[in-house]
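Asks: From first to last, the protein sequence lines stand for chains A and B. Note that the UniProt record's numbering gives residue 50 to position 50 of the first sequence, counting from 1, and the numbers run on in steps of one. Note that the UniProt record's numbering gives residue 201 to position 201 of the second sequence, counting from 1, and the numbers run on in steps of one. Just so you know, even glycine gets a beta-carbon here, dropped at the ideal spot from N, CA and C.
2 protein chains.
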Amino acid sequence: MNILETGIKNVRNATRYSIGAGALADLPKVLANRRAQATGSVVYFIDEFFRTSQQLIDRLAIQPADQLIFVASKKEEPSTDGIDGIVADLRGQLTQNPCAIVGMGGGSTMDTAKAVANLLTNGGRAEDYQGWDLVKVPGIYKIAVPTLSGTGAEATRTCVMTNARNGLKLGMNSDYTVYDEIVLDPDLPASAPRDQYFYTGIDAYIHCFEALAGHYRNAIGDAFSRETLNLCRQVFLQEDMMSAAHREQLMVASYLGGCAIATSYVGLVHPFSAGLSVVLGIRHCLANCLVMHAMEPWYPREYEEFWRMAEHQGIEIPTGIGRDLTPDQYQALYEATMIHEKPLTNALGEHFRDILTPECVTNIFSQM
Amino acid sequence: MNILETGIKNVRNATRYSIGAGALADLPKVLANRRAQATGSVVYFIDEFFRTSQQLIDRLAIQPADQLIFVASKKEEPSTDGIDGIVADLRGQLTQNPCAIVGMGGGSTMDTAKAVANLLTNGGRAEDYQGWDLVKVPGIYKIAVPTLSGTGAEATRTCVMTNARNGLKLGMNSDYTVYDEIVLDPDLPASAPRDQYFYTGIDAYIHCFEALAGHYRNAIGDAFSRETLNLCRQVFLQEDMMSAAHREQLMVASYLGGCAIATSYVGLVHPFSAGLSVVLGIRHCLANCLVMHAMEPWYPREYEEFWRMAEHQGIEIPTGIGRDLTPDQYQALYEATMIHEKPLTNALGEHFRDILTPECVTNIFSQM
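1) Roughly how many angstroms separate the alpha carbons of V30 of chain B and T177 of chain B, rounded to a whole number?
2) Going along the stretch 238-271 of chain A in order, which residues come within less than 7 Å of chain B, judged by CB to CB distance?
3) Strictly under 7 Å for the Cβ-Cβ distance: is S149 of chain B near chain A by that measure?
4) Under 7 Å Cβ-Cβ, which residues of chain A neighbour K136 of chain B?
5) When the cut-off is 7 Å and only beta carbons count, does V11 of chain A lie next to chain B?
6) To the nearest angstrom, how far is it from the Cα of Y17 of chain A to the Cα of V11 of chain B?
7) Shorter than 7 Å from the beta carbon of M1 of chain A to some beta carbon of chain B?
8) Below 9 Å between beta carbons is the criterion; list the residues of the stretch 208-229 of chain B that meet it against any residue of chain A, in chain order.
9) Would R233 of chain B count as contacting chain A if we go by Cβ distances under 7 Å?
10) What do you get for E227 of chain A, buried or exposed, if any count of 16 or more other CB atoms within 10 angstroms of its CB means buried?
11) What are the residues in the stretch 15-26 of chain A lying within 7 Å of chain B by C-beta distance?
12) Tell whether a beta-carbon distance below 7 Å holds between A211 of chain B and G275 of chain B.
13) To which residues of the same chain is W132 of chain A closer than 8 Å at the C-beta, ignoring the five residues directly before and after it?
14) To the nearest angstrom, how far is it from the Cα of M1 of chain A to the Cα of Q37 of chain A?
15) In chain order, what residues of the same chain lie with their CB nearer than 6 Å to the CB of F306 of chain B, ignoring the 5 residues before and after it?
16) Taking 7 Å as the threshold (C-beta atoms), are T158 of chain A and A126 of chain A in contact?
17) For my contact list, I140 of chain B and T112 of chain B are in at a C-beta cut-off of 8 Å; report their separation, rounded to the angstrom.
18) Write down every uninterrupted run of the alpha helix (DSSP H) in the stretch 41-90 of chain B whose length is 4 residues or greater and which is fully enclosed by it, in chain order.
19) Mark residue 397 of chain B as exposed unless 16 or more other C-beta atoms lie within 10 angstroms of its C-beta, in which case mark it buried.
20) Once the 5 residues before and after S73 of chain A are set aside, which same chain residues still bring their CB inside 8 Å of it?
21) Do H284 of chain B and S277 of chain B have their beta-carbon atoms positioned less than 7 Å apart in this structure?
22) Taking only runs of the beta strand (DSSP E) that begin and end inside the stretch 151-217 of chain B, which ones reach a length of at least 3 residues, in chain order?
23) What residue does the alpha helix (DSSP H) around P358 of chain B start on, and which one ends it?
24) Given A23 of chain A, which residues of its chain have a CB within under 7 Å of its CB, disregarding the five upstream and five downstream residues?
25) What do you reckon, are the CB atoms on T162 of chain B and I261 of chain B nearer than 7 Å?
26) With H, G and I counted as helix, E and B as strand and the rest as coil, what does DSSP make of K342 of chain B?
27) Could you spell out the range, first to last residue, of the beta strand (DSSP E) harbouring G221 of chain B?
28) For my contact list, V135 of chain B and P78 of chain B are in at a C-beta cut-off of 8 Å; report their separation, rounded to the angstrom.
29) Can you give me the C-alpha to C-alpha distance between E239 of chain A and L68 of chain B, rounded to a whole angstrom?
30) Cα-Cα, which of A:G214, A:A253, A:G221 is closest to R233 of chain A?
31) Tell me which same chain residues have a C-beta within less than 6 Å of the C-beta of A244 of chain B, skipping the five on either side of it?
32) Leaving out five residues before and five after residue 375 of chain A in sequence, what residues of the same chain have Cβ atoms less than 8 Å from its Cβ?
33) Let me know if K247 of chain B comes out buried or exposed under the rule of 16 or more other beta-carbons within 10 Å of its beta-carbon.
34) Check V116 of chain A in the structure and name its three-state DSSP category.
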């Protein structure tokens with residue numbers, strides 16, 4: 001278990017959070033405070049989903065000198081090249097660093113804001129910081145405004161990026177990647193498409209059952225994971241998962257699930273899901289759900305519960321992706337999965353390669 | 001419910017925490033970092049219980065210019081006059097503000113460190129800041145090292161002090177009162193007396209059942225409270241509450257219980273307990289347990305569970321304190337209890353005075 005044994009856990013919390021329906025009204029106040037303390041404008045990263053939501057954008061009180069960048073979250077996940085492009089553009093436009101960066105959207109948008117905030121103060125390219133504790137100095141002050149709940153990006157110390165050159169899907173794992181403030185307004189996910197709301201929300205559930213089933217355990221990670229699962233069961237196994245009360249509970253589950261992941265490891269689902277994202281370009285939260293097609297032997301209780309949740313909420317999970325893959329694609333999927341040594345060790349022990357043979361991995365992907 | 005309705009919750013987290021057996025080794029590292037960044041020495045507030053624990057004190061790597069103050073936690077709880085005295089002494093001895101303050105001990109010691117840290121930068125007297133959001137500027141950078149778990153003082157935005165002049169037991173409720181760092185080392189409570197360990201630990205249980213039974217509820221407070229109760233049941237209803245695993249779980253329960261209280265209110269037990277502390281000088285955690293003698297009609301399930309926990313762990317809760325009180329003492333107890341309008345409203349609604357008549361309150365105290 002050596003690669004998991006990190007000994008004492010040193011955890012950086014988000015310094016503040018606001019929570020409650022209408023909490024978005026706090027954002028202009030927080031930013032006014034930042035504007036008074038530091039020079040520079042504000043850069044907003046907003047999910048393209050809200051491009052035409054003028055009423056919502058008006059509530060942000062964006063100033064003339066601020067930058068508003070819509071993040072193309074639907075087509076693709078953050079990439080190192082994409083982040084480098086945004087940073088180069090911003091450097092061309094800004095005469096000084098912004099006083100704050102806002103990431104308003106789902107996991108991709110929040111991760112984009114985190115990565116850009118780190119690069120603006122640290123210099124270099126995004127891939128220079130893929131790994132653990134490579135970020136040298138604090139990033140720009142940053143505020144998360146999740147509009148979809150589940151990934152926990154608002155609470156974690158990473159921002160996941162795909163690197164096209166080496167095929168690696170890996171984040172800037174650093175205390176400096178943690179948001180300074182989080183605005184949790186359960187009104188914001190109300191307009192999300194139901195399937196997207198489910199796929200994203202269930203990421204919190206998957207994170208936490210993987211953590212609790214793992215070899216590496218600790219008291220605080222377990223506590224956060226247990227309560228996250230409890231909240232997810234309330235949201236997805238009761239009536240409408242998108243009621244006001246359930247939107248708020250899922251927002252809390254996402255935040256606590258993020259806190260859980262900060263002190264634990266995921267298991268089998270996430271490495272396979274990463275394989276699907278890297279090789280086939282399937283977005284993270286949907287990819288997790290596809291992996292669940294094949295998880296019955298590995299997580300039997302959670303497999304049953306997951307499919308009950310999907311059925312209860314009337315969400316269809318696509319199937320058939322693994323049917324017509326070429327041998328080269330299976331090989332690429334195998335490699336992109338097996339590179340995730342830490343979660344695989346957490347799930348199966350240090351001899352995970354003896355269990356996850358190429359045949360076994362191919363068989364798992366073929367069931368999706 | 002108006003006095004409870006605070007709308008959107010703005011919550012300040014402790015910026016960092018370390019957790020794990022042996023985490024105390026992190027403290028000298030954190031302080032070395034502070035010493036490098038800021039001028040001034042370090043002031044350590046340490047529970048008098050450790051006065052003769054030279055081995056432990058050696059591990060702190062205290063420097064010659066630092067101040068070490070033992071807090072007389074056994075005799076009395078923090079008072080406004082006591083805090084003012086410490087601040088005056090420090091001002092006389094220090095030529096500049098310290099670069100960090102450490103509070104190592106139970107709730108009294110951690111609260112003393114918080115209050116002194118605020119006063120050294122804000123000036124004035126402790127009683128000037130008893131209330132809500134009266135602290136104007138950040139205090140000295142402060143680090144909590146709990147050696148007893150339960151009160152949640154390491155996580156909350158208050159530091160409770162008794163004011164002898166007006167009989168009020170009230171804290172400096174402020175975001176600036178929140179610790180910057182917390183070192184959670186479950187080895188530290190191993191030497192605590194069993195009864196003290198129980199009295200203090202059960203404070204987390206009582207906080208959270210009061211919050212969950214209250215009128216004022218919210219999704220994140222509820223989540224923290226539920227998991228705190230879950231952890232307390234594991235600690236106090238299974239075998240030895242002081243095993244290494246249970247010490248760590250109780251440390252997590254205390255931290256999460258503190259996070260719960262930051263977004264919710266206590267109920268009936270704490271106002272009565274405050275009455276016992278103010279009028280009869282009984283320490284907070286023991287006072288809570290005495291109040292539980294009379295809580296059967298108010299919290300029947302938790303009453304039953306509390307006494308089962310005490311019995312299971314072989315802890316004796318004193319009785320008879322309410323037997324020989326004078327009418328003047330009963331009157332003083334009534335007043336010192338009823339002053340706590342927020343928790344009493346949370347427990348019983350805005351017409352709590354119609355329920356808690358002087359006769360009813362006297363009857364409750366007489367059962368202790």
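Replies: Straight from the coordinates:
1) Within the second sequence, residue 30 of chain B is the residue found at index 30, counting from 1. Within the second sequence, residue 177 of chain B is the residue found at index 177, counting from 1. Roughly 19 Å between the two C-alpha positions.
2) Listed by position along the chain: E248, Q249, V252, L256.
3) As a working mapping, residue 149 of chain B is identified with position 149 in the second sequence. Contact with chain A is absent for S149 of chain B, since none of that chain's Cβ atoms lies less than 7 Å from the residue's Cβ.
4) By one-based count along the second sequence, residue 136 of chain B stands at place 136. Result: empty, since nearest Cβ-Cβ is about 15 Å, beyond 7 Å.
5) Looking up residue 11 of chain A in the first sequence gives position 11. At least one C-beta of chain B is nearer than 7 Å to the C-beta of V11 of chain A.
6) Numbered from 1 along the first sequence, position 17 holds the residue referred to as residue 17 of chain A. Numbered from 1 along the second sequence, position 11 holds the residue referred to as residue 11 of chain B. Distance between the alpha carbons of Y17 of chain A and V11 of chain B is about 5 Å.
7) One-based indexing of the first sequence puts residue 1 of chain A at position 1. Here M1 of chain A scores only 47 on pLDDT, less than 50, and its place in the model should not be relied on; the value that follows carries that caveat. Taking Cβ atoms only, chain B never reaches closer than 7 Å to M1 of chain A, which makes this a no.
8) Here the close residues are N218, A219, I220, D222, A223, F224, R226, E227, T228.
9) As a working note, residue 233 of chain B is residue 233 in the second sequence. For R233 of chain B, the answer is no, since every Cβ of chain A falls outside 7 Å of its Cβ.
10) Reading the first sequence from its first residue, position 227 is the one you call residue 227 of chain A. By the neighbour-count rule (16 or more Cβ atoms within 10 Å), E227 of chain A is buried.
11) The residues in question are T15, R16, Y17, S18, I19, G20, G22, A23, D26.
12) Locating residue 211 of chain B in the second sequence gives position 211, counting from the first residue. Locating residue 275 of chain B in the second sequence gives position 275, counting from the first residue. The Cβ atoms of A211 of chain B and G275 of chain B do not sit closer than 7 Å to each other.
13) Counting from one through the first sequence, the residue named residue 132 of chain A turns up at place 132. Its chain contains N173, S174 as the residues whose beta carbon lies nearer than 8 Å to that of W132 of chain A, once the 5 sequence neighbours on both sides are disregarded; these appear in chain order.
14) Here residue 1 of chain A refers to the residue found at position 1 when the first sequence is read from its first residue. Here residue 37 of chain A refers to the residue found at position 37 when the first sequence is read from its first residue. Only weak support exists for where M1 of chain A lies, its pLDDT of 47 falling under 50; the value from the coordinates is given anyway. If you take the alpha carbons of M1 of chain A and Q37 of chain A, they lie about 46 Å apart.
15) Position 306 of the second sequence, counted from the first residue, corresponds to residue 306 of chain B. So the list reads M292, once near-sequence residues are dropped.
16) Locating residue 126 of chain A in the first sequence gives position 126, counting from the first residue. Locating residue 158 of chain A in the first sequence gives position 158, counting from the first residue. No, they are not a contact pair.
17) Numbered from its first residue, the second sequence carries residue 140 of chain B at position 140. Numbered from its first residue, the second sequence carries residue 112 of chain B at position 112. Wrong, their Cβ atoms sit about 13 Å apart, outside the cutoff.
18) Complete alpha helix (DSSP H) runs here, min 4: 54-59.
19) The structure shown does not extend to residue 397 of chain B, since chain B is modelled only from 1 through 368, so no value can be given for it.
20) Residue 73 of chain A sits at position 73 when you count from the first residue of the first sequence. Only D47, E48, F49, G105, G106, S108, T109 meet the Cβ criterion.
21) Locating residue 277 of chain B in the second sequence gives position 277, where the first residue counts as 1. Locating residue 284 of chain B in the second sequence gives position 284, where the first residue counts as 1. With respect to H284 of chain B, S277 of chain B sits close: the two C-beta atoms are nearer than 7 Å.
22) 160-163, 168-173, 181-184, all fully within the stretch 151-217 of chain B.
23) Numbered from its first residue, the second sequence carries residue 358 of chain B at position 358. Counting along the chain, the alpha helix (DSSP H) containing P358 of chain B begins and ends at 358-366.
24) Here residue 23 of chain A refers to the residue found at position 23 of the first sequence. Here A23 of chain A has V183, L184, D185 as same chain residues with Cβ atoms under 7 Å from its own Cβ, once five neighbours each way along the sequence are excluded.
25) The residue you call residue 162 of chain B lines up with position 162 of the second sequence. The residue you call residue 261 of chain B lines up with position 261 of the second sequence. Contact: no.
26) As a working mapping, residue 342 of chain B is identified with position 342 in the second sequence. Correct three-state label for K342 of chain B: helix.
27) Taking the first residue of the second sequence as 1, we reach residue 221 of chain B at position 221. Element bounds for G221 of chain B: not the beta strand (DSSP E) but the alpha helix (DSSP H), 219-237.
28) Here residue 135 of chain B refers to the residue found at position 135 when the second sequence is read from its first residue. Here residue 78 of chain B refers to the residue found at position 78 when the second sequence is read from its first residue. Not really, about 16 Å apart at Cβ, beyond 8 Å.
29) The sequence position of residue 239 of chain A within the first sequence is 239, counting from 1. The sequence position of residue 68 of chain B within the second sequence is 68, counting from 1. Taking the straight line joining both Cα atoms gives about 57 Å.
30) Numbered from its first residue, the first sequence carries residue 233 of chain A at position 233. With respect to the C-alpha of R233 of chain A, the residue from A:G214, A:A253, A:G221 having the closest C-alpha is A:A253.
31) To locate residue 244 of chain B, count along the second sequence from 1; it is residue 244. Counting only Cβ-Cβ distances below 6 Å, and skipping sequence neighbours, we find nothing.
32) Absent from the model: residue 375 of chain A. The displayed extent of chain A is 1 to 368, so no value can be given.
33) Counting from one through the second sequence, the residue named residue 247 of chain B turns up at place 247. A quick correction: the sequence has Arg, not Lys, at residue 247 of chain B. Residue environment: R247 of chain B is assigned as buried (16 or more neighbouring CB atoms within 10 Å of its CB, all protein chains considered).
34) Reading the first sequence from its first residue, position 116 is the one you call residue 116 of chain A. DSSP places V116 of chain A in helix when its eight states are reduced to three.
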